[in-house]
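Those sequence lines, one after another, are chains A and B. Under the working numbering, the first residue of the first sequence carries the number 8, and numbering increases by one thereafter. Under the working numbering, the first residue of the second sequence carries the number -18, and numbering increases by one thereafter. Below: the structure, in structure tokens.
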Amino acid sequence: MPDYIFPNDGFVIVAKRDCPTCVLVEPVMQSLDREGHLTVFSQDDPSFPAGVGHVVDDRGLERSFRLNIEAVPTLIRFKDGREVERTVGWERAEWTRLAGAAAAGDGLPAWQPGCGSRSVEPGVHEALVARYGDPGLKSREISVAEWDDPIEACFERGWSDGLPVVPPTDERILRMLAGTERKPDEVVGLIPPNLAPCTVEKVAINAVMAGCKPEYMPVVLGVLEAALDPLFVLHGLLCTTHFSGPLVIINGPAARAIGMNSGVNALGQGNRANATIGRALQLIVRNVGGGLPGAIDRATLGNPGKYTFCFAEDESDPDWEPLSVRRGIVAGKSAVTLFHGEGVNGFIDQKSRTPEELVRSLAMGLFGVGHPKLCLAGNAVLVLAPEHYKIFKDSGWNRRRIEDALYQALKRPGRELIQGAGDVAEGLPAAMVDKMVDKFQPDGLLLVRAGGEAGLFSAIIGGWPGQSVRDECQAVTHEIR
Amino acid sequence: MNVAIKLRDPTAETSPMRRARLAPLQSLSNQTVALMDIGKSRGAEFIDRLESHFKAAGVATKRYRKPTNTKVAPVDLLQKIAHEAQAAVIALSD
């Protein structure tokens, strides 16, 4: 800290014109100035206060930051170059105790609280730490030249998924880290394919780049922890030639708190939390794990969801058992479910009016996952939109009954599915000819409610053939801490 | 370099801080070399000499010319060179 920015002996008052209390005590500042040894640090207007000889322009807030000012006016007494006392706001007794009769403020009320310091306004403190303090970040610095565009610099360094990223500056990273109580140097896990340790700080950097708000950090961390569950097989999902990528479904109060979309266009664009949380996971895998398309990511075609694929479940109906609860999380807790999802297959049925009709119809659509003649080769998520769900609800069907009915409807005789049946080469081994075959694993169809009020639609999101080895690879659900 | 902004590395920091350049060609065999005249006077004479040396060595070349030496090459010219050649010589005769 340079010595010259504070007086050796005397008084400092930190003030701003925008503060009524500071304006109130302007005559007191003038009175103290006449006594000598007064310096005023003015946070917003160097012409304020009038009639004071030594007013220092502190619009850059360096002095306010270094003095750790939380409210103005703050009166500080210095002696031998060190602060010895301070008082905050206007209180005649305190000011006269510190500065004597010149600070009595005759005619003023005895007491009036101060205002917040500009240096602690939202977002400002982190910027000041980045500018004047020690941000405490461990990640190496990358300098961008004066005439270069930092967004282009991020592209050139290979940090982007193809869309512009928010440049990860210290102040943005510090704001992001303020969204979690976890320490920046805590290792969240090893990110495939390179099994690189990923700290909370690296998560924050990539969350900044993805466009997340700090309040999303607990969800982003929860998503990452779930993705690193060995049962999710993130490495395999990354390497596959198949279409799939991580599909993120959020349940519980966290989803509502950060304004996630579970309604109109829930699987589409337009909601910041939906868009950026899914993207943050993909950027972490890319940047920390080194999972690059065309390198370890060998997808033949991929799918647009590999930019981001994240939404919240509609939990507005108390009769509906949320996905997270179905999968073992205590009701009322926030949770993330990760599924190996390919693209969205829209399912239209505008004629079914009974649950039985709709189940048979949905089963026809679900048989198409992967290939109509393949079974137990990948699971699925079925997103029930409100109008389809209403058909079940009006007949008193709950989640479990829908699941059971679909499970039964998704059995087919092997003779229709074996290789060559129906003159289609693809299919099950000939040994299955006399068996009834399930399309999915017993718990392999995940029902979720989401979508806008209008539309007799549902969405089928096919899974990954890797899920066929049930003990090794499944969707995972984790509580968000 | 006048630093305008500092970013933090989002990666695992397993690669050097400086960006890696494209690896140089191991051989000019079966490659095409772009010869770009930046547009200063008598540049063509120099390029002619280079072209004859490449020809003698059995290396295919293609000629390009910037519209003016005072501005950077137009994007369509750079894209054309990147599409048609694997190496480039950007030359002037000063």
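Backbone N, C-alpha and C fix where the C-beta goes; we use that ideal spot for every residue, glycine too.
Taking the alpha carbon of residue i as the point to measure from, which residue in the options has its own alpha carbon closest?
i	options	result
leucine 68 of chain A	A:Ser49, A:His61 and A:Gly58	A:Ser49
glutamine 7 of chain B	B:Pro55, B:Ala68, B:Thr(-8) and B:Ile28	B:Ala68
alanine 203 of chain A	A:Glu486, A:Gly297, A:Leu184 and A:Ala482	A:Gly297
alanine 37 of chain B	B:Thr49, B:Leu9 and B:Glu26	B:Leu9
glutamine 119 of chain A	A:Val195, A:Ala152 and A:Thr28	A:Thr28
glycine 377 of chain A	A:Gly473, A:Lys397, A:Ile284 and A:Met443	A:Gly473
cysteine 317 of chain A	A:Glu363, A:Gly427, A:Lys442 and A:Asn278	A:Asn278
leucine 345 of chain A	A:Ala134, A:Val240, A:Arg286 and A:Ala482	A:Ala482
isoleucine -14 of chain B	A:Leu31, A:Arg179 and A:Asp113	A:Arg179
alanine 287 of chain A	A:Gly301, A:Val131, A:Phe85 and A:Gly312	A:Gly312
leucine 274 of chain A	A:His485, A:Val63 and A:Ile468	A:Ile468
aspartate 18 of chain B	B:Gly39, B:Arg0, B:Asp(-10) and B:Glu32	B:Glu32
histidine 395 of chain A	A:Gly459, A:Leu241, A:Cys26 and A:Leu184	A:Gly459
arginine 189 of chain A	A:Trp166, A:Pro157, A:Val215 and A:Val227	A:Val227
valine 431 of chain A	A:Pro379, A:Asp450 and A:Leu184	A:Pro379
Of all the CB atoms in chain A, is at least one closer than 8 angstroms to the CB of residue i?
i	result
leucine -12 of chain B	yes
proline -9 of chain B	yes
arginine 30 of chain B	no
alanine 63 of chain B	no
valine 70 of chain B	no
leucine 73 of chain B	no
valine 14 of chain B	no
alanine 66 of chain B	no
alanine -15 of chain B	yes
With the cut-off set at 8 angstroms, would you say residue i and residue j are in Cβ contact?
i	j	result
glycine 375 of chain A	glycine 252 of chain A	no
glutamine 448 of chain A	arginine 408 of chain A	no
leucine 118 of chain B	glycine 24 of chain B	Because residue 118 of chain B is not part of the residues shown, which for chain B are -18 to 75, the question remains open.
histidine 44 of chain A	phenylalanine 18 of chain A	yes
alanine 387 of chain A	leucine 373 of chain A	yes
threonine -8 of chain B	valine 151 of chain A	no
threonine 206 of chain A	glutamate 193 of chain A	yes
alanine 319 of chain A	asparagine 272 of chain A	no
valine 332 of chain A	isoleucine 487 of chain A	no
valine 230 of chain A	valine 195 of chain A	no
aspartate 326 of chain A	lysine 400 of chain A	yes
threonine 492 of chain A	glycine 186 of chain A	Outside the displayed span of chain A (8 to 488) sits residue 492 of chain A, for which this structure offers no information.
alanine 362 of chain A	isoleucine 398 of chain A	Checking the displayed sequence, the identity of residue 362 of chain A turns out to be proline instead of alanine. Contact flag set, yes.
proline 171 of chain A	isoleucine 212 of chain A	no
isoleucine 425 of chain A	methionine 443 of chain A	no
glycine 112 of chain A	valine 173 of chain A	no
leucine 82 of chain A	arginine 93 of chain A	yes
Quick check: is the beta carbon of residue i nearer than 8 angstroms to any beta carbon in chain B?
i	result
methionine 8 of chain A	Bear in mind that the predicted position of methionine 8 of chain A carries a pLDDT of just 47, short of 50, making it too unreliable to give a figure here.
methionine 216 of chain A	yes
aspartate 177 of chain A	yes
alanine 234 of chain A	no
glutamate 479 of chain A	no
glutamate 163 of chain A	yes
proline 174 of chain A	yes
asparagine 75 of chain A	no
asparagine 213 of chain A	yes
alanine 203 of chain A	yes
lysine 313 of chain A	no
arginine 166 of chain A	Note on residue identity: the sequence assigns tryptophan, not arginine, to residue 166 of chain A. By this cut-off, tryptophan 166 of chain A is an interface position.
lysine 358 of chain A	no
glutamate 133 of chain A	no
lysine 86 of chain A	no
In the DSSP assignment, find the beta strand (DSSP E) that holds residue i and state where it starts and stops.
i	result
proline 204 of chain A	203 to 206
valine 151 of chain A	148 to 152
proline 420 of chain A	418 to 420
valine 455 of chain A	452 to 456
aspartate 445 of chain A	443 to 445
Provide the residue span of the alpha helix (DSSP H) that contains residue i, from first to last.
i	result
phenylalanine 72 of chain A	69 to 73
histidine 395 of chain A	393 to 401
cysteine 161 of chain A	157 to 163
leucine 330 of chain A	330 to 333
proline 260 of chain A	260 to 264
phenylalanine 27 of chain B	24 to 37
Note down, in chain order, all residues in the region -7 to 7 of chain B with a beta-carbon under 8 angstroms from any beta-carbon belonging to chain A. Across the region -7 to 7 of chain B, CB contacts with chain A closer than 8 angstroms involve Ala(-7), Glu(-6), Thr(-5), Met(-2) and Arg0, in sequence order along the chain.
Of the residues that make up the region 39 to 56 of chain B, which ones have a beta carbon closer than 9 angstroms to any beta carbon in chain A? Considering only beta carbons, no part of the region 39 to 56 of chain B lies closer than 9 angstroms to chain A.
Along the region 139 to 156 of chain A, what residues have a CB closer than 8 angstroms to any CB found in chain B? Result list: Leu144, Ser146, Arg147, Glu148, Ile149, Ser150, Val151, Ala152, Glu153, Trp154 and Asp155.
Between the region 293 to 307 of chain A and chain B, which residues of the former have CB atoms less than 8 angstroms from a CB of the latter, in chain order? Residues of the region 293 to 307 of chain A that bring their beta carbon within less than 8 angstroms of a beta carbon in chain B comprise Asn294, Val295, Gly296 and Gly297, in sequence order.
Residues of the region 414 to 431 of chain A with Cβ closer than 7 angstroms to any Cβ of chain B, in chain order: Hits within the stretch: zero.
Within 8 angstroms of chain B by C-beta, residues of the region 178 to 197 of chain A in sequence order: Cβ contacts with chain B: Ile180.
Taking a cut of 7 angstroms between CB atoms, which residues from the region 220 to 249 of chain A lie near chain B? Taking 7 angstroms as the cut-off between beta carbons, none of the residues of the region 220 to 249 of chain A comes near chain B.
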